[in-house]
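Read through the structure below, which is laid out as structure tokens, and then see the notes.
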Amino acid sequence: MQGNTDESDDEDGDGDGERLVDCPAGTIVAPPVPEDGKVTTDNIGSGGQKTQEGRKSKGKQKATAKSKGKEKRKEQEGSKSNVGEKVVAASKGKEKRVSTSKRGSITIFRVIIRLVWAHNVEEELALIASSKYRYPIISVDTEFPGVIFHSDKHYSTLTISERYSLMKLNVDALNLIQLGFTLSDPSGNLLDLGSSGLFLFAWEFNFNDFNLNSDLHSPDSINLLRSSGVDFERNRMEGIDSHWFACLLVN
Numbered sequence: 001m002q003g004n005t006d007e008s009d010d011e012d013g014d015g016d017g018e019r020l021v022d023c024p025a026g027t028i029v030a031p032p033v034p035e036d037g038k039v040t041t042d043n044i045g046s047g048g049q050k051t052q053e054g055r056k057s058k059g060k061q062k063a064t065a066k067s068k069g070k071e072k073r074k075e076q077e078g079s080k081s082n083v084g085e086k087v088v089a090a091s092k093g094k095e096k097r098v099s100t101s102k103r104g105s106i107t108i109f110r111v112i113i114r115l116v117w118a119h120n121v122e123e124e125l126a127l128i129a130s131s132k133y134r135y136p137i138i139s140v141d142t143e144f145p146g147v148i149f150h151s152d153k154h155y156s157t158l159t160i161s162e163r164y165s166l167m168k169l170n171v172d173a174l175n176l177i178q179l180g181f182t183l184s185d186p187s188g189n190l191l192d193l194g195s196s197g198l199f200l201f202a203w204e205f206n207f208n209d210f211n212l213n214s215d216l217h218s219p220d221s222i223n224l225l226r227s228s229g230v231d232f233e234r235n236r237m238e239g240i241d242s243h244w245f246a247c248l249l250v251n
């Protein structure tokens, strides 16, 4: 009963390379016959050793091929990840990144913050109004100069009504510094202004109501806002009057 012979190790093609014999179970492998035609125990041992060495060599070649295949796939995945990165310039001079992971590759989206001042507030509100039907969900974020009134009780023990009253007390006593607007559709996609998702936008409205020299504020909150990039002097000179903004918003 004969097995399948693999002569792929015969590099020069002259038939003198090692032959690896793939034998099914129960097959007897005949040792190589020496030139004198005599078969001895030494010859049998030599033949078996060569066969084992050949199989080991073949196994190493297969392992090397698999390793190269894995490395190639990693390189391809890396190149796909690089191509998938979407990079845009930010109008604010700094970028807020929203990263999502899909099948091991990371796609980076950079959200452009549109800065709104007194000179462009009407134009930006008109742009928001034109997008409200496609992006009907509005998220609002406010920046006030800290918390100046506190409760005598621990916050965790306050009722919902007490929490609201405390928050309202602070809001009514403080002047608004910034207001953030973010529009999204029912699926959670941010406004892209017709860029097919390449550009994502949000708004930052800057107000001139707060006067650092005379208005109530928390020093720690002011330091935090300054470290985040808030320019209180510019807000006073170029910011939006909140009463005018309210009229524009309802109209």
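Under my numbering, think of the first position of the sequence shown as 1, with each following residue one higher. Even glycine gets a Cβ: it sits at the ideal position worked out from N, Cα and C. A quick note: this is a predicted structure, and the numbers were derived from the prediction, not measured.
Whole-angstrom distance between GLY197 and ASP185, CA atom to CA atom: For this step, residue 185 is matched to residue 185 along the sequence shown. For this step, residue 197 is matched to residue 197 along the sequence shown. Computed Cα separation, rounded: 12 Å.
LEU115, DSSP secondary structure in three states: Translated into positions along the sequence shown, residue 115 becomes position 115. Residue state, collapsed to three classes: strand.
Per-residue burial, GLU143 [other beta carbons within 10 Å of its own, 16 or more giving buried]: Taking the first residue of the sequence shown as 1, we reach residue 143 at position 143. Buried, by the Cβ-count rule.
DSSP state of VAL140 mapped onto helix, strand, coil: Against the sequence shown, residue 140 aligns to sequence position 140. VAL140: strand per DSSP, three-state reduction.
Which of helix, strand or coil DSSP assigns to SER151: Position 151 of the sequence shown holds residue 151. Of the three classes helix, strand and coil, the one that applies to SER151 here is coil, per DSSP.
Where the alpha helix (DSSP H) containing SER184 begins and where it ends: Translated into positions along the sequence shown, residue 184 becomes position 184. Looking at the DSSP string, SER184 is not in any alpha helix (DSSP H); the run it does join, the beta strand (DSSP E), is 178-184.
Opening and closing residue of the alpha helix (DSSP H) in which ASN235 lies: Numbered from its first residue, the sequence shown carries residue 235 at position 235. Counting along the chain, the alpha helix (DSSP H) containing ASN235 begins and ends at 232-238.
ALA246 versus LEU176, ARG226, GLU238, residue with shortest Cα-Cα distance: Taking the first residue of the sequence shown as position 1, residue 246 is located at position 246. Measuring from the Cα of ALA246, the nearest candidate turns out to be LEU176.
Short Cβ contact (7 Å threshold) for VAL116 with GLU124: Translated into the one-based positions of the sequence shown, residue 116 becomes position 116. Translated into the one-based positions of the sequence shown, residue 124 becomes position 124. Contact flag set, yes.
Spatially closest choice to PHE210 from VAL171, ASN189, PHE181, LEU193, by CA coordinates: Here the question's residue 210 lines up with position 210 in the sequence shown. Of the candidates VAL171, ASN189, PHE181, LEU193, the one whose C-alpha sits nearest the C-alpha of PHE210 is VAL171.
Closest Cα partner of GLN178 within the set PHE205, SER214, LEU169: Sequence index remark: in the sequence shown, residue 178 carries index 178 (1-based). Checked all of PHE205, SER214, LEU169; the closest Cα to GLN178 is PHE205.
CA nearest to the CA of ASP141, picked from PHE199, GLY180, TRP244, ARG134: Looking up residue 141 in the sequence shown gives position 141. If we check each option's Cα against that of ASP141, GLY180 comes out closest.
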